[in-house]
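Listed in order, the protein sequences are those of chains A and B. Going by numbering that gives the first Met the number 0, the residue at position 297 of the first sequence is 296; the numbering climbs one at a time, nothing skipped. Going by numbering that gives the first Met the number 0, the residue at position 37 of the second sequence is 36; the numbering climbs one at a time, nothing skipped.
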Amino acid sequence: MGSVDRRNFLKRVGAAGAVGGAAVIGAREIVAGASTTSSNPLLAQGHDHHALMAHRGLGAVGTVDHGGNGFHPLEILEDFDGGEISKDSSGRTVREYEFVAVDKEIEVAPGVFFPAWTYNGRVPGPTIRATEGDRLRIKFTNTTEHPHTIHFHGIHPARMDGVPGAGEVDTGETFTYDFIAEPFGTHLYHCHSTPLVQHIHRGLYGGFIIDPKKGRPDAREMVVVMNAFDTNFDGENEIYAANTVAFAYVNDPIPVNAGELQRMHVINVTEFDPLNSIHIHANFFNLYRTGTSLEPSEFTDIISMIQAERHMLEFTYEHTGRFMFHAHQTEFVDLGWMSMFEVS
Amino acid sequence: MATSSAAANTRRPLWMSLGAAALLVLLVALAFKVFDSTVSLREPPPVESLAFERTIFKEGSIDLRLRNDGPDGVQIAQVLVNDAYWNFEVGDPGLGRLETTTMTIGYPWEEGLPVNIAIITSTGVTIEHEVEAATLTPELDRSTFVTYALLGIYIGVIPVGFGLFAFPLLRRVSRAWLGFFLALTLGLLAFLLVDTIAEGLELAGETAAALDGVALFAMGALLAVAGLLWLEGWLDRRKDKVRSSAVSSGGLVLAYLIAAGIGLHNMGEGLAVGAALAAGEVALGTFLVLGFALHNTTEGLAIVSPLGGEERPALKHFAFLGLLAGVPTIFGAWLGGFAFSPAAAAFAFGIAAGAIAQVIWTIARSMRGESAMTRGLPTIGFLTGLVVMYGTSLLVA
Numbered sequence: 000m001g002s003v004d005r006r007n008f009l010k011r012v013g014a015a016g017a018v019g020g021a022a023v024i025g026a027r028e029i030v031a032g033a034s035t036t037s038s039n040p041l042l043a044q045g046h047d048h049h050a051l052m053a054h055r056g057l058g059a060v061g062t063v064d065h066g067g068n069g070f071h072p073l074e075i076l077e078d079f080d081g082g083e084i085s086k087d088s089s090g091r092t093v094r095e096y097e098f099v100a101v102d103k104e105i106e107v108a109p110g111v112f113f114p115a116w117t118y119n120g121r122v123p124g125p126t127i128r129a130t131e132g133d134r135l136r137i138k139f140t141n142t143t144e145h146p147h148t149i150h151f152h153g154i155h156p157a158r159m160d161g162v163p164g165a166g167e168v169d170t171g172e173t174f175t176y177d178f179i180a181e182p183f184g185t186h187l188y189h190c191h192s193t194p195l196v197q198h199i200h201r202g203l204y205g206g207f208i209i210d211p212k213k214g215r216p217d218a219r220e221m222v223v224v225m226n227a228f229d230t231n232f233d234g235e236n237e238i239y240a241a242n243t244v245a246f247a248y249v250n251d252p253i254p255v256n257a258g259e260l261q262r263m264h265v266i267n268v269t270e271f272d273p274l275n276s277i278h279i280h281a282n283f284f285n286l287y288r289t290g291t292s293l294e295p296s297e298f299t300d301i302i303s304m305i306q307a308e309r310h311m312l313e314f315t316y317e318h319t320g321r322f323m324f325h326a327h328q329t330e331f332v333d334l335g336w337m338s339m340f341e342v343s
Numbered sequence: 000m001a002t003s004s005a006a007a008n009t010r011r012p013l014w015m016s017l018g019a020a021a022l023l024v025l026l027v028a029l030a031f032k033v034f035d036s037t038v039s040l041r042e043p044p045p046v047e048s049l050a051f052e053r054t055i056f057k058e059g060s061i062d063l064r065l066r067n068d069g070p071d072g073v074q075i076a077q078v079l080v081n082d083a084y085w086n087f088e089v090g091d092p093g094l095g096r097l098e099t100t101t102m103t104i105g106y107p108w109e110e111g112l113p114v115n116i117a118i119i120t121s122t123g124v125t126i127e128h129e130v131e132a133a134t135l136t137p138e139l140d141r142s143t144f145v146t147y148a149l150l151g152i153y154i155g156v157i158p159v160g161f162g163l164f165a166f167p168l169l170r171r172v173s174r175a176w177l178g179f180f181l182a183l184t185l186g187l188l189a190f191l192l193v194d195t196i197a198e199g200l201e202l203a204g205e206t207a208a209a210l211d212g213v214a215l216f217a218m219g220a221l222l223a224v225a226g227l228l229w230l231e232g233w234l235d236r237r238k239d240k241v242r243s244s245a246v247s248s249g250g251l252v253l254a255y256l257i258a259a260g261i262g263l264h265n266m267g268e269g270l271a272v273g274a275a276l277a278a279g280e281v282a283l284g285t286f287l288v289l290g291f292a293l294h295n296t297t298e299g300l301a302i303v304s305p306l307g308g309e310e311r312p313a314l315k316h317f318a319f320l321g322l323l324a325g326v327p328t329i330f331g332a333w334l335g336g337f338a339f340s341p342a343a344a345a346f347a348f349g350i351a352a353g354a355i356a357q358v359i360w361t362i363a364r365s366m367r368g369e370s371a372m373t374r375g376l377p378t379i380g381f382l383t384g385l386v387v388m389y390g391t392s393l394l395v396a
């Protein structure tokens, strides 16, 4: 729309022939003034692109109204929800949660609003945090016009699987998922109603962290959900992010204490693209695949993941300053999945 | 006299009451539309649309002029250039129906490479604009201004002027052969008419939807017809008044009309070429120049063909005729190069098409006797005109 195919246009004007005379002389001057002819356009003489420094560069313009969204990516990062804790008759810890499916428009980049489907009004949903062996009771109410489920990646009975036919909740109804938290590791939950792509892509997912009984060394813990949004619903993402908001941790870098162990739970829920990845700058991390081991399996600075793949990363920054972390599919970087640590 | 006005008086109440009734029906219908929600259909989702009216490539940045050509408001949120979010400045990000805004994107584009610009609106809709090959847009300064003027002279003034030199030849031929040349002119103009309509409608298709390019084109055409009818009458009246010096013959009136029609056509072509050059989407070779020269000289021949059977007009008339047909090309090139918009171009092409149609009609009307179109030689002349135009157009295809 509105696109002017002037090349074709001129061809036809030329065919009409009313373009006249020795036009070439003037035309040559113009073309020569505009460009340098070269068989390889990349080798053509460039302009002084540094002449213009104002309002240029990668990134979104403006800021997201996190208050309007009702959540801030910096809060989501460290917001672990242990639930309502009690003990059952056998002395087992019971953690009770209330989840409500709510339709909500969220601002995923400055000024860009996405009609999300959410757990408890936030994307990603609450990060459930339990210790292996705990009993989890998640009471799920659906206020939306579509049926939804919560399907946990873990070990549980079939009737608690949160799929159509086992724990799918219709409009206005409630179901309580009840199971034992196992195995320990970095996991996730998501809606498993159909069509699956829509139910996941629209925002129904969250972190599900189970700690080992014997615990782990003290560390500053974070959860990063790698997600993306197809804002125009054409089957391709317009926005990639860490914890929902494009470039959020560029505008608000994540504060990190130098010398302090950082433990990051990274979960990929990206729809439409088969892979996502995370790379941290100027540092390496110990990789605990799916967080299910107490010993690292690899020492690297990048890890790629398919959808629902998740890993635990441990690293320490000795140098201070600003360090990037981002997907190393650079096209995702350009589309929002770029973040910063501020080490001090 | 008295009886007729009395009759008019008795008739007046009838049409007045009919008019009042129609107005009443309209008001009632409007009232229903405004006050009764059951009349309106369910509110549909918003249709967001933007027309990219101008894309200007500057050193290290891209300027856009955008127009909301959809039925609903558009709120510009972000801009993607080649699939990357890029910083930009925009006048007013909220655009009501038909409103325009300008945007500057500080993107380090590269000469000759494609650029895809996608505007993301507040609802997440993407509106894309593809530029096949980025190139620096000429700025409006003295040197480019002069260059475009020269371009107009090369395209319009020189070939037309060259064609005027066919006049001495026309003076030597018989009346029957004059009919041939007039018919040849008709053929040339008929070809230009079809071509102008095709170009104009294509531009109309590129116009912002809400501005209705086809209507602009049609309005331009009708305006040109009305204008030329008036010009013809004015020249006729002037001929009667000042018989001695000015426009003194029917042939000369016709020549001026043809020159005006071709001039308007050339303005459209100057516009098209100026716009194409400004977009850096043209490379003209020597071969093309020869083709253009050969092709456009025929326009000059068309202008002088009605003068063949008459006394030679004053030489100044040849200068005026040449300038009338040629100079508008310069203005067209300036407009196309520095202020191109598809809507204005569709309108300009409409004017050109209307002018040519009117001139064709005037020439055909003037052809009588041996030069009538029903004769053999004029028929051959007409067909020759078409074939010559088509043949020389192949040279520049």
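All residues carry an ideal CB built from backbone N, CA and C; glycine is no exception.
Check                                                                                                                                                                                                   : Outcome
Which residue wins for smallest C-alpha separation from G110/A, given the options S276/A, V196/A, R215/A, H65/A?                                                                                        : H65/A
With respect to the alpha helix (DSSP H) encompassing H198/A, which residues constitute its N-terminal and C-terminal limits?                                                                           : 195-200
Would you mind telling me which residues of chain D sit closer than 9 Å to Q74/B, beta carbon to beta carbon, in chain order?                                                                           : Checking the listed chains, one finds no chain D in this structure; the protein chains it contains are A and B.
Is the beta carbon of V244/A closer than 7 Å to that of M337/A?                                                                                                                                         : no
Using the beta-carbon of each residue, which ones in chain A are nearer than 9 Å to I116/B?                                                                                                             : Per Cβ cutoff of 9 Å: no residues; I116/B is ~10 Å from chain A at best.
Which of helix, strand or coil does DSSP assign to Q357/B?                                                                                                                                              : helix
Kindly indicate the opening and closing residues of the alpha helix (DSSP H) around I157/B.                                                                                                             : 157-163
Inspect the CB distances between the stretch 152-172 of chain A and the stretch 110-127 of chain A and report whether three or more fall short of 8 Å.                                                  : no
I want to see whether chain B comes within less than 7 Å of G56/A, judged by CB atoms only; does it?                                                                                                    : yes
For G284/B, count neighbouring C-beta atoms within 10 Å of its own C-beta (all shown protein chains included) and say buried if the count is 16 or more, exposed if not.                                : Because the pLDDT of G284/B is 41, which lies under 50, any placement of that residue in the model is unreliable, and the question is left without a value.
Where does A21/A fall in DSSP's three states?                                                                                                                                                           : Low per-residue confidence applies at A21/A: pLDDT is 31, beneath 50, and the placement is therefore not dependable, though the value from the model is reported in the following sentence. In this structure, A21/A counts as coil in the three-state DSSP scheme.
State the Cα-Cα distance for the pair A157/A and S292/A, rounded to the nearest angstrom.                                                                                                               : 25 Å
Using a C-beta to C-beta distance shorter than 7 Å, which residues of chain B count as neighbours of F113/A?                                                                                            : G123
Below 7 Å between beta carbons: does that hold for F161/B and G299/B?                                                                                                                                   : yes
Can you tell me which of the three DSSP states I149/A falls into?                                                                                                                                       : coil
By the criterion of Cβ-Cβ separation under 9 Å, what are the contact partners of V244/A in chain B?                                                                                                     : Here the premise fails: no neighbours, minimum Cβ distance about 12 Å.
Following the continuous beta strand (DSSP E) through R170/B, name the residue where it begins and the one where it ends.                                                                               : R170/B -> not in any beta strand (DSSP E); alpha helix (DSSP H) instead, spanning 166-171.
Measuring CB atoms only, is the stretch 283-291 of chain A touching the stretch 322-331 of chain A, in the sense that at least three cross pairs come out at less than 8 Å?                             : no
Using 10 angstroms around the beta-carbon of T184/B, count the other beta-carbons present and answer buried if the total reaches 16, otherwise exposed.                                                 : buried
Give me the chain B residues within the contact set of T62/A, using Cβ-Cβ distance strictly less than 7 Å, ordered along the chain.                                                                     : The contacting residues do not exist; T62/A stays about 12 Å from chain B at best.
Would you call R309/A buried or exposed, if buried means 16 or more other Cβ atoms sit within 10 Å of its Cβ?                                                                                           : buried
Give the interface partners of G335/A over in chain B, defined as CB-CB distance under 8 Å, in chain order.                                                                                             : Y84
Threshold first: 4 residues or longer. Then list the alpha helix (DSSP H) segments lying entirely within the stretch 152-226 of chain A, N to C.                                                        : 195-200
Under 7 Å Cβ-Cβ, which residues of chain B neighbour E330/A?                                                                                                                                            : D82
Shorter than 7 Å from the beta carbon of A257/A to some beta carbon of chain B?                                                                                                                         : no
Does the beta carbon of F317/B come closer than 7 Å to any beta carbon on chain A?                                                                                                                      : no
Quick check on I362/B - is its C-beta less than 7 Å from some C-beta in chain A?                                                                                                                        : no
Report the neighbours of I119/B on chain A: residues whose CB is nearer than 9 Å to its CB, in chain order.                                                                                             : A108, G110, V111, T230, N231, E237, I238
Does the stretch 322-340 of chain B come into contact with the stretch 147-159 of chain B, if we say contact requires no fewer than three beta-carbon pairs (one atom in each stretch) closer than 8 Å? : yes
Note down, in chain order, all residues in the stretch 89-117 of chain B with a beta-carbon under 9 Å from any beta-carbon belonging to chain A.                                                        : V89, P92, T103, I104, G105, Y106, P107, W108, E109, E110, G111, L112, A117
Run the CB neighbour count on W233/B, radius 10 Å, all protein chains shown included, and call it buried at 16 or more, exposed below.                                                                  : exposed
Please check if any C-beta of chain B sits within less than 7 Å of the C-beta of D102/A.                                                                                                                : no
My output table needs one value for M366/B: the three-state DSSP class, helix, strand or coil.                                                                                                          : coil
Since H270/A contacts V196/A with CB under 8 Å, what's their CB separation in whole angstroms?                                                                                                          : Per the sequence presented here, residue 270/A reads as Glu, with His not at that position. That belief holds up - the Cβ atoms of E270/A and V196/A are roughly 6 Å apart, short of 8 Å.
Can you tell me the Cβ-Cβ gap for T230/A and I119/B, rounded? I've got them flagged as a contact below 8 Å.                                                                                             : 7 Å
Per DSSP, what kind of secondary structure is W345/A in: helix, strand or coil?                                                                                                                         : Given that chain A is displayed from residue 0 to residue 343, the structure contains no residue 345/A and the question cannot be resolved.
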